[in-house]
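Residue numbering for the sequence shown follows numbering that gives the first Met the number 0, beginning at 0 and increasing consecutively.
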Amino acid sequence: MCPFVEYRTHTTFFCNLALQYSIFYRSNHPFFFYCCFCSLEQKQHPQFPQTIMASSFSKIRSSMVYERFSQMVASGSQQRHRDVRRRSTFYSRPFRFKNSHTSNALSFSTSFVFGIIPENPLFTFHGTTFAIAPSKAVTDASSSQHLGLFNRTNDGNASNHIVTVEFDTFRNLELDDMDGNHVGLDINSIESVLAATAGYYKNGGFQTLALASSREIRAWVDYDGVEKTLNVTLAPLPFKKPQKPLVTWKKYLSPFLLEEMYVGFTSATGVLLQTFYIVGWSFQMNGKAQEINRSKIPPLPLKKKSTKKTKMAFRNWVIFRKRKFEFEEALESWEVQYGPCRFSYKDLFTATKGFKESELLGKGGFGQVYKGTLLDLGAQVAVKKIWNTSSQGMKEFVAEIATIGWLRHPNLVRLLGYCRRKGELFIVYDYMPNTSLDKFIFNSNPKSTLTWKQRVKIIIDVTKALAYLHEWCEVIIHRDIKASNVLLDAELNGKLGDFGLARFGNNGTHAKTTHLAGTLGYIAPELARKGKATTATDTFAFGTFCLEVVCGRRPVELQGREEAVILVDYVWDCCYKEQLFEMVDPKLREDYEAEEMELVLKVGLLCSHVVSVLRPSMSQVLNFLLEKEPLPSDFNGVLKIRDDNWSQLGHASSSSYVSQIHYSGTLEPITHSLMFSGR
0 MCPFVEYRTH TTFFCNLALQ YSIFYRSNHP FFFYCCFCSL EQKQHPQFPQ
50 TIMASSFSKI RSSMVYERFS QMVASGSQQR HRDVRRRSTF YSRPFRFKNS
100 HTSNALSFST SFVFGIIPEN PLFTFHGTTF AIAPSKAVTD ASSSQHLGLF
150 NRTNDGNASN HIVTVEFDTF RNLELDDMDG NHVGLDINSI ESVLAATAGY
200 YKNGGFQTLA LASSREIRAW VDYDGVEKTL NVTLAPLPFK KPQKPLVTWK
250 KYLSPFLLEE MYVGFTSATG VLLQTFYIVG WSFQMNGKAQ EINRSKIPPL
300 PLKKKSTKKT KMAFRNWVIF RKRKFEFEEA LESWEVQYGP CRFSYKDLFT
350 ATKGFKESEL LGKGGFGQVY KGTLLDLGAQ VAVKKIWNTS SQGMKEFVAE
400 IATIGWLRHP NLVRLLGYCR RKGELFIVYD YMPNTSLDKF IFNSNPKSTL
450 TWKQRVKIII DVTKALAYLH EWCEVIIHRD IKASNVLLDA ELNGKLGDFG
500 LARFGNNGTH AKTTHLAGTL GYIAPELARK GKATTATDTF AFGTFCLEVV
550 CGRRPVELQG REEAVILVDY VWDCCYKEQL FEMVDPKLRE DYEAEEMELV
600 LKVGLLCSHV VSVLRPSMSQ VLNFLLEKEP LPSDFNGVLK IRDDNWSQLG
650 HASSSSYVSQ IHYSGTLEPI THSLMFSGR
């Protein structure tokens with residue numbers, strides 16, 4: 000226990016310590032969080048010590064609480080721990096945040112200096128928070144997007160009584176984040192009640208401030224209990240506090256706080272590595288936080304001087320890993336560039352029981368998929384073992400890692416990591432307990448079929464995933480959309496997977512094809528002719544997928560010995576004859592809404608139109624399915640247009656016709672701007 004040196008009339012504390020979080024995401028990947036403080040004082044309610052003063056590191060040690068595997072060490076030293084993705088540290092004693100007589104929230108003020116250093120400057124993941132919580136231990140919190148504070152069960156509960164300021168370096172579409180570099184105020188939930196792009200005001204103008212810049216940043220969080228106003232202010236060191244705050248929230252904090260609360264910091268990581276530092280901290284109740292003495296602020300322990308130096312440090316760490324795990328090989332250049340976490344072969348071998356046949360989930364065009372359980376985490380995963388019969392195998396593996404290693408969407412199967420051993424290639428995904436959609440659609444047992452509502456929900460899930468791939472940042476062509484590549488989680492949510500054929504589609508670029516990629520029945524006519532994959536060819540495959548789910552039929556079926564029935568043509572013919580509902584899966588037993596069924600079938604036909612320019616974008620498809628926008632008024636006329644008829648209209652008249660039939664007045668020629676070659 001720290002000795003009482005003196006009593007003071009204000010509440011403030013600093014620490015002359017260095018706190019290191021060593022957080023590992025699988026297989027000892029480091030994720031560090033250092034905190035360096037200057038001195039410590041505290042004044043609380045009479046039932047608490049009036050003042051705490053620490054004159055040395057050893058005395059302050061007992062005044063902080065570190066959640067599992069977190070450890071306070073001397074400044075500059077390092078200690079590593081395994082498989083930790085979230086950390087928190089709180090001051091060990093509570094502060095009184097509410098007046099015991101009026102229940103009004105009291106004023107408080109805090110200031111701290113922090114730095115965020117990504118291992119790979121090209122990618123940043125998640126962030127850190129200053130937190131006010133009812134407990135000094137948040138043991139049930141999740142990592143990644145939940146920032147070590149909440150989980151999917153309690154997120155948004157009023158009983159949380161958690162107030163945080165987040166410094167987020169990743170844009171999560173599921174949470175409607177404004178961008179990948181913002182400051183937000185969170186009340187009982189990871190979804191911010193108010194947020195702003197990180198920055199500060201100087202000479203009347205706004206200056207953007209990159210949070211993950213590897214430089215010291217000063218933050219101020221001030222709550223005025225009289226004015227009922229909370230302000231958050233940022234500025235780079237050594238700038239003084241700007242007059243205008245970045246975020247201002249005028250609302251009572253009383254409903255969200257308990258009388259006694261703890262203060263501290265939390266953080267979490269995702270797939271990529273990122274380091275957080277707190278190098279100075281001041282906190283005070285009922286007054287202004289004491290100024291931090293800049294001369295006593297230590298420099299960031301890992302100053303990032305160049306990308307080259309960062310990559311060199313990462314390579315050195317990999318060499319250490321190679322010596323420790325004889326199963327692994329030297330890192331390739333593309334591994335340094337994209338950096339998803341790497342599993343040891345030993346871990347995957349153990350998880351899948353030696354890749355036993357009993358753990359086999361299925362086989363695909365690129366390899367076998369096994370079920371596994373990571374013993375150290377107790378988590379179930381799916382391990383895809385890539386076929387490596389040719390040199391093309393490595394390129395296919397690299398394409399998959401490069402594409403999905405940074406993608407984050409609730410309707411995409413999440414990549415957890417990979418392994419490479421003596422020419423063998425492995426990818427580790429989240430395990431989907433309900434396997435793939437085709438197992439339900441083509442199951443002859445009526446008890447195992449999906450209801451109409453479940454099917455529509457899955458179709459919308461896949462639509463959202465494709466809209467994200469096609470229209471978010473760089474264009475990504477999936478290339479193999481089909482029911483067997485749509486996986487279902489425990490709640491039967493649809494998640495698009497198997498990116499073995501996916502490649503980036505930079506606007507206006509293309510290359511010569513070597514052979515056609517895709518699955519028979521899903522391949523658009525222009526892809527078969529020219530071998531060039533586009534967002535429109537993905538849309539064609541999605542249209543076939545819609546019809547497949549509704550009709551319960553495969554895209555190509557043999558009738559008799561020689562005749563092949565193409566599902567798209569068959570549904571089109573039924574639509575032309577006004578017999579559309581004859582194609583509905585009989586296992587549904589007419590338990591569906593006719594108008595909704597007709598809408599989905601027509602969307603499927605429109606997406607699988609033989610003329611690529613008449614196919615809608617996936618965001619338009621989503622609007623159709625959610626009934627936010629109507630289908631083209633001359634829908635039947637659009638379907639009747641075939642390749643020959645379209646070409647006869649000529650360029651000028653065809654453009655005019657497109658604008659007439661499209662619901663919004665314009666229809667962008669997708670293939671002109673988002674073209675990419677087939678493989």
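Every residue gets a Cβ at the ideal spot worked out from N, C-alpha and C, and that includes glycine. Quick caveat, the model's predicted, so the values are computed rather than measured.
- Message: Nearest by alpha-carbon distance to Y430: which of E165, C574 and T351 is it?
- Response: Indexing the sequence shown from 1 puts residue 430 at position 431. That would be T351, whose Cα lies nearest to the Cα of Y430.
- Message: Let me check understanding here. Comparing Cα to Cα, which of Y276, Q283, T534 and G366 lies closest to S112?
- Response: Here residue 112 corresponds to residue number 113 of the sequence shown, with the count starting at 1. Correcting the residue identity first, residue 112 is Val in this sequence and not Ser. Taking only the C-alpha atoms, the option nearest V112 is Y276.
- Taking 7 Å as the cut-off, decide whether the C-beta atoms of N193 and V246 are in contact. One-based indexing of the sequence shown puts residue 193 at position 194. One-based indexing of the sequence shown puts residue 246 at position 247. The residue you asked about is not Asn; residue 193 is Leu in the sequence shown. Result yes, Cβ atoms of L193 and V246 sit closer than 7 Å.
- S618, enclosing alpha helix (DSSP H) - first and last residue: Here the question's residue 618 lines up with position 619 in the sequence shown. Start and end: M617 to L624.
- Message: Between which two residues does the beta strand (DSSP E) holding H181 run?
- Response: Here the question's residue 181 lines up with position 182 in the sequence shown. Taken as a continuous stretch (DSSP letters only), the beta strand (DSSP E) holding H181 covers H181 to I186.
- Query: What separation, rounded to the nearest whole angstrom, lies between the Cα atoms of G603 and L424?
  - Reply: One-based indexing of the sequence shown puts residue 603 at position 604. One-based indexing of the sequence shown puts residue 424 at position 425. G603 and L424: Cα-Cα distance of roughly 36 Å.
- Please name the residue, chosen from R413, D488, D568 and R454, that lies closest to T434 on a Cα-to-Cα basis. Within the sequence shown, numbered from 1, the residue matching residue 434 stands at position 435. Checking every option, the nearest Cα to that of T434 belongs to D488.
- Item | Beta-carbon gap between L105 and G179 smaller than 7 Å | The residue you call residue 105 lines up with position 106 of the sequence shown. The residue you call residue 179 lines up with position 180 of the sequence shown. Taking 7 Å as the Cβ cut-off, L105 and G179 do not qualify as a contacting pair.
- Query: Taking all protein chains shown into account, do 16 or more other C-beta atoms lie within 10 angstroms of the C-beta of S611, making it buried, or fewer, making it exposed?
  - Reply: Indexing the sequence shown from 1 puts residue 611 at position 612. Buried, by the Cβ-count rule.
- Message: Measuring straight from C-alpha to C-alpha, what distance separates L252 and S281?
- Response: Against the sequence shown, residue 252 aligns to sequence position 253. Against the sequence shown, residue 281 aligns to sequence position 282. Computed Cα separation, rounded: 21 Å.
- Item | Segment contact, 8 Å Cβ cut-off, at least three pairs: the stretch 542-557 with the stretch 582-594 | yes
- Task: May I ask which residues mark the beginning and end of the beta strand (DSSP E) holding K531?
- Result: Within the sequence shown, numbered from 1, the residue matching residue 531 stands at position 532. Start and end: K531 to T533.
- Residues near T228 by beta carbon distance below 8 Å, same chain, minus five either side: Position 229 of the sequence shown, counted from the first residue, corresponds to residue 228. Only Y222, T247, W248 and K249 meet the Cβ criterion.
- Query: Distance, Cα to Cα, N410 vs A466?
  - Reply: Taking the sequence shown and counting its residues from 1, one reaches residue 410 at position 411. Taking the sequence shown and counting its residues from 1, one reaches residue 466 at position 467. Distance between the alpha carbons of N410 and A466: 11 Å.
- Message: Is S447 near the ligand FMN - that is, is its Cβ less than 6 Å away from at least one heavy atom of it?
- Response: Here there are no bound small molecules, and the ligand FMN is not part of this structure.
- Task: Give every residue of the same chain whose Cβ lies closer than 7 Å to the Cβ of V162, excluding the five residues on either side of it in the sequence, and list them in chain order.
- Result: Against the sequence shown, residue 162 aligns to sequence position 163. Only I131, I186, L252, F255 and L256 meet the Cβ criterion.
- Query: Does the beta-carbon distance from L233 to Y200 come in below 7 Å?
  - Reply: Counting from one through the sequence shown, the residue named residue 233 turns up at place 234. Counting from one through the sequence shown, the residue named residue 200 turns up at place 201. Not a contact, by the Cβ cut-off of 7 Å.
- Return the Cβ separation of L566 and E547 in integer angstroms, given the expectation that the two are a contact with Cβ distance under 8 Å. Residue mapping note: residue 566 aligns to position 567 of the sequence shown, counting from 1. Residue mapping note: residue 547 aligns to position 548 of the sequence shown, counting from 1. Confirmed, about 7 Å.
- Can you grab the Cα-Cα spacing for the pair I189 / F354, in whole Å? Working through the sequence shown from its first residue, we reach residue 189 at position 190. Working through the sequence shown from its first residue, we reach residue 354 at position 355. Rounded to whole angstroms, I189 to F354 spans 38 Å at the Cα level.
- Query: Which whole runs of the beta strand (DSSP E) in the stretch 200-273 are 3 residues long or more, in chain order?
  - Reply: 204-207, 216-223, 228-235, 246-249 and 259-267
- Query: Alpha carbon to alpha carbon, what distance is there between Y521 and S443?
  - Reply: For this step, residue 443 is matched to residue 444 along the sequence shown. For this step, residue 521 is matched to residue 522 along the sequence shown. Distance between the alpha carbons of S443 and Y521: 23 Å.
- Inter-residue spacing [alpha-carbon to alpha-carbon] between R214 and F166: Numbered from its first residue, the sequence shown carries residue 214 at position 215. Numbered from its first residue, the sequence shown carries residue 166 at position 167. Approximately 14 Å, taken between the alpha carbons.
- Task: Ignore the nearest five residues each way along the sequence and tell me which others in E577's own chain have a CB closer than 8 Å to its CB.
- Result: Along the sequence shown, one-based indexing puts residue 577 at 578. Here the set comprises nothing.
- Could you please give me the residues that DSSP links to E592 through a beta bridge? To locate residue 592, count along the sequence shown from 1; it is residue 593. According to DSSP, E592 bridges with nothing at all.
- Task: Going by DSSP, name the residue or residues bridged to A381.
- Result: Mapped onto the sequence shown, residue 381 falls at position 382. Partner(s): K370 and Y428.
- Message: According to DSSP, simplified to helix, strand and coil, what is N420?
- Response: Translated into the one-based positions of the sequence shown, residue 420 becomes position 421. The sequence shown places Arg at residue 420, not Asn. Correct three-state label for R420: strand.
- Message: So the candidates are L630, I640 and R407; which of them puts its Cα closest to the Cα of D176?
- Response: Reading the sequence shown from its first residue, position 177 is the one you call residue 176. Closest by alpha carbon: R407.
- Query: beta strand (DSSP E) containing E165: first to last residue?
  - Reply: What you label residue 165 is simply residue 166 of the sequence shown in a count that begins at 1. That run of the beta strand (DSSP E) goes V162 to D167.
- Report all residues from its chain with a CB closer than 7 Å to the CB of E581; omit the five preceding and five following residues, and keep chain order. As a working mapping, residue 581 is identified with position 582 in the sequence shown. So the list reads C573, once near-sequence residues are dropped.
- Query: Hey, out of F96, K135 and G126, whose CA is closest to Y737's CA?
  - Reply: Outside the shown range of the chain, which is 0 to 678, sits residue 737, and nothing can be said about it.
- Item | Inter-residue spacing [alpha-carbon to alpha-carbon] between M260 and L184 | Counting from one through the sequence shown, the residue named residue 260 turns up at place 261. Counting from one through the sequence shown, the residue named residue 184 turns up at place 185. Computed Cα separation, rounded: 17 Å.
- Message: Checking the sheet assignment: what are the DSSP bridge partners for R95?
- Response: As a position in the sequence shown, residue 95 is number 96, starting the count at 1. E259.
- Message: I'd like to confirm the pairing. Which residues does DSSP put opposite S281 in its beta bridges?
- Response: Position 282 of the sequence shown, counted from the start, is the residue given in the question as residue 281. Answer is S110.
- Message: Going by the DSSP bridge assignment, what does P298 pair with across the sheet?
- Response: Working through the sequence shown from its first residue, we reach residue 298 at position 299. Paired residues: none, contrary to the question.
- Among L526, Y428 and T448, which one has its Cα closest to the Cα of L495? Locating residue 495 in the sequence shown gives position 496, counting from the first residue. Nearest of L526, Y428 and T448 to L495, Cα basis: Y428.
- Item | Same chain only: Cβ atoms within 8 Å of L491, ignoring 5 sequence neighbours per side | The sequence position of residue 491 within the sequence shown is 492, counting from 1. Correct list, in chain order: N433, L449, Q453, K456 and I457.
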